[in-house]
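Beneath this line is the structure, given in structure tokens, with notes to follow.
In the numbering used here, the protein residues as written are 50 to 371.
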């Protein structure tokens, strides 16, 4: 895989600083039952990295100490960490909103029977990857047969109450473009998704998140190999919208890697650039959140940050504007 960091570090992206911490985003490991071409963490079935039980315990302590409002669980497939259910139960007992970034097909993997029911029982918000409402496009990006399983998984979640009117169980879908282009209007695409998925499969959901592909890891390497990397960066920069700087996710979130180190966002984590704490030596760690919150510390920025601020903007919660 071709590295991208050296192509991103020199930047004129505006300086920004952290605000009060509300969200703990934890990458529970890179193990995944899929290998998607757009994956910015290069996850897959052969990855061995998983967050330890000791760090899970520490995260629970941090949530209580820092009055964390949202626990955002990512991977790989976060559910493949053996401590996933224990962490969810502990967070919900503290009154923390839990988001599971689910690839849907994990619901059918051997050993994960009852996972959908567990998520419903705990009131976990499910954010599910579904890059298109057509089988051809989804299977091209995520693997043969993924679309069919994804549809079946969504129907199972609907049957449990997810996405249904007047239900507290929130179901959101995630769209990533298939190539080096910006996502279309989130509002318009959401209407298309809701119409097509309901008419074809009887599926309902709450909202659609459109997320810009970042020029790092597997996707960035693909751009380099095709000679499209510079053009994609130019596209992002030419569509920069300063208004998006007000609500970029890195201001109120900390991203935690499977070893417990802290980053401004999941993308910086994959580039190996930890939170830059002024006057400190070494990388900040999850244990440091027991004594400090990093308010007003600078956020490490590079050229890929234009991906979050281009056009309608992009975050783990979808578009920032419009």
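The C-beta atom is built at its ideal place from N, Cα and C for all residues, glycine as well.
Residue ranges of uninterrupted beta strand (DSSP E) with 3 or more members, entirely inside the segment 111-173 and ordered along the chain, are 119-123 and 146-151. Residue state for residue 242 is assigned as helix, using DSSP reduced to three classes. For residue 98, the secondary structure class from DSSP, reduced to helix, strand or coil, is coil.
In the three-state reduction of the DSSP assignment, residue 327 falls in the coil class, being assigned neither a helical nor a strand state.
Around residue 289, the same chain offers 355, 358 and 359 as residues with beta carbons nearer than 7 Å, after the five sequence neighbours per side are excluded.
Minimum Cα-Cα distance from residue 295 among the listed residues 55, 66 and 158 corresponds to 66.
In this structure, the CA atom of residue 336 is about 35 Å from the CA atom of residue 255. The beta carbon of residue 299 is closer than 6 Å to those of 313, 314 and 348 in its chain, skipping five residues each way along the sequence. Residue state for residue 355 is assigned as helix, using DSSP reduced to three classes. Taken in chain order, the whole alpha helix (DSSP H) runs of length 4 or more contained in the segment 250-301 are 266-274 and 278-287.
Excluding five sequence positions before and after residue 301, the CB atoms of its chain that fall closer than 7 Å to its own CB belong to 68, 69, 70, 71 and 72, given in chain order. Your pair residue 258 and residue 176 checks out as a contact, with CB atoms roughly 7 Å apart and the cut at 8 Å. Looking only at 174, 144, 203 and 162, the smallest Cα-Cα distance to residue 153 is reached by 203. Under a 10 Å Cβ-count criterion, residue 246 is classified as buried, with 16 or more other Cβ atoms of the shown protein chains found around its own Cβ. Nearest in C-alpha terms to residue 250, of all of 285, 207, 273 and 55, is 207. In the three-state scheme derived from DSSP, where H, G and I count as helix and E and B as strand, residue 195 is classed as helix.
Between residue 281 and the set 239, 352, 361 and 308, the nearest pair of CA atoms involves 352. Around the beta-carbon of residue 123, 16 or more other beta-carbon atoms lie within 10 Å, marking it buried.
In terms of Cβ geometry, residue 277 and residue 233 do not form a close pair [threshold 7 Å].
Judged by DSSP in its simplified three-state form, residue 205 adopts helix.
Three or more beta-carbon pairs drawn from the segment 161-181 and the segment 139-151 are found closer than 8 Å, and the two stretches are therefore classed as touching.
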